[in-house]
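Chemist: Residue numbers (our numbering): 3 to 412.
Here's a structure for you.
Right, here's the structure in full:
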């Protein structure tokens with residue numbers, strides 16, 4: 003009964019929602035556009051994500067067309083961009099609440115420690131990357147996968163939730179056909195149904211490999227329009243120009259890998275290192291905080307997180323969105339781990355030593371996080387050394403705490 007009463011934390015949830023609201027208006031569309039809605043076509047959301055949302059099946063079955071197909075039937079006369087901004091904000095808030103719920107479940111704790119950890123993650127580049135990419139198809143996919151938390155472990159209901167979320171997410175963003183494979187591996191029972199996600203992935207990737215025919219983009223453009231009611235401006239789907247949503251996977255690989263040949267190697271390594279270092283700090287902080295109540299689950303959490311490397315690395319190298327993918331994949335790893343954790347009553351009380359250390363790591367990450375600029379691809383140059391320093395401190399903390407936990411109690 004105590005666990006049930008603590009499962010809903012309204013004061014903490016309100017705080018998390020307020021932080022998400024601040025981040026949306028601070029970082030959405032790089033911040034400044036949010037305060038000039040009459041001058042900006044899409045306000046707080048990037049046109050890149052709106053464009054992907056407008057793609058539909060009017061010209062035939064195609065990748066990334068599911069969301070637009072739903073919208074063109076729901077809004078045949080046009081999509082109001084004010085309401086689309088509201089939906090983007092609600093999506094970010096839902097992700098913030100999901101993050102808070104995952105931290106509480108992974109720590110098996112209530113009170114201010116998990117709340118502060120969640121808030122600091124949202125204030126760090128972790129949360130800024132989510133706010134800057136509001137309406138990202140990957141964010142919708144994470145929420146779809148979160149449905150597994152509502153199902154019992156190792157049950158037919160969970161198998162069904164994994165398969166349905168996998169299929170829908172892959173139709174929203176074709177990359178999920180590979181990116182979500184670890185979810186099925188970890189959460190589905192060892193039955194023939196476990197092979198359904200890989201089979202679906204193979205089929206969808208074959209279908210989506212071909213570039214769109216010219217008529218596909220034209221039909222999608224004519225079938226759905228987004229309108230800014232304050233200015234009367236219209237936005238329709240556009241393809242071509244090497245846009246990932248309309249070209250073949252092989253074309254995208256050639257185009258994006260060409261950048262590694264033109265950019266200076268030092269610059270490429272620097273961009274990768276400062277983003278990877280930041281994501282590792284977030285993950286190590288969560289693993290550190292789990293030491294008190296979830297010590298036995300920490301190795302599982304690490305293996306789950308590590309299992310995304312072979313399927314995610316190609317996407318990260320191709321898209322150059324190192325922080326964006328890192329944040330999404332860490333969220334998915336936390337989600338899968340939380341879905342496997344044994345239910346425990348949420349313990350209240352003062353923060354433990356591991357939790358305080360994790361809070362310190364994340365406070366450092368939030369304090370040095372850039373206030374301006376697009377962080378999903380290009381954390382600033384001065385963040386390179388900061389990320390390395392934070393990663394060094396995080397690794398030392400993790401090793402010291404692991405040794406302390408390994409000592410036999412007197």
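Yeah, the Cβ is synthetic: ideal placement off N, Cα and C, and Gly gets one too.
Looking at residue 101 and residue 136, is the spacing between their C-beta atoms short of 8 Å?
Modeler: Not a contact, by the Cβ cut-off of 8 Å.
Chemist: Of all the options 178, 61, 84, which has the alpha carbon lying nearest to the alpha carbon of residue 310?
Modeler: Looking at the Cα atoms, 178 is the closest of the given residues.
Chemist: Does the separation of the CB atoms of residue 380 and residue 273 fall below 8 Å?
Modeler: Contact: yes.
Chemist: Count the CB pairs spanning the region 334–346 and the region 296–303 that are closer than 8 Å, and state whether there are at least three.
Modeler: Yes, they touch.
Chemist: Mind checking which residues open and close the alpha helix (DSSP H) that includes residue 150?
Modeler: Counting along the chain, residue 150 falls outside any alpha helix (DSSP H), and DSSP gives it neither H nor E.
Chemist: Which residues in the same chain have their Cβ closer than 6 Å to the Cβ of residue 223, if we skip the five residues on either side of it in sequence?
Modeler: Same-chain partners within the cutoff: 238, 239.
Chemist: Looking at the structure shown, is residue 409 part of a helix, part of a strand, or coil, going by DSSP?
Modeler: Residue 409 falls in the coil class under three-state DSSP.
Chemist: Quick one, which of 212, 350, 281, 196 has its alpha-carbon nearest residue 110's?
Modeler: Residue 110 has its Cα closest to that of 350, out of 212, 350, 281, 196.
Chemist: Output yes or no for whether 8 Å exceeds the beta carbon distance between residue 13 and residue 66.
Modeler: Cβ distance not < 8 Å, so residue 13 and residue 66 don't count as in contact.
Chemist: Flag this pair as yes or no: are the beta carbons of residue 147 and residue 201 separated by less than 8 Å?
Modeler: Not closer than 8 Å, so no.
Chemist: Taking the continuous alpha helix (DSSP H) assigned at residue 90, which residues delimit it?
Modeler: First-last of the alpha helix (DSSP H) with residue 90: 83–109.
Chemist: Relative to the C-alpha of residue 340, which candidate in 106, 59, 134 has its C-alpha closest?
Modeler: Minimum Cα distance to residue 340 is reached at 106.
Chemist: For the alpha helix (DSSP H) that contains residue 368, what are its first and last residues?
Modeler: That run of the alpha helix (DSSP H) goes 355–369.
Chemist: Can you tell me whether residue 21 is helix, strand or coil according to DSSP?
Modeler: Note: residue 21 maps to helix in three-state DSSP.
Chemist: Hey, how far is the Cα of residue 115 from the Cα of residue 361?
Modeler: If I take the Cα positions, the gap works out to 8 Å.
Chemist: Once you ignore the five residues that flank residue 279 on each side, which residues in its own chain have a CB closer than 6 Å to its CB?
Modeler: Excluding sequence neighbours, residue 279 sits near 389, 390, 393.
Chemist: For residue 121, which of helix, strand or coil comes out of DSSP?
Modeler: Looking at residue 121 - three-state DSSP - the assignment turns out to be helix.
Chemist: With 16 other CB atoms within 10 Å as the buried threshold, where does residue 120 fall?
Modeler: It counts as buried.
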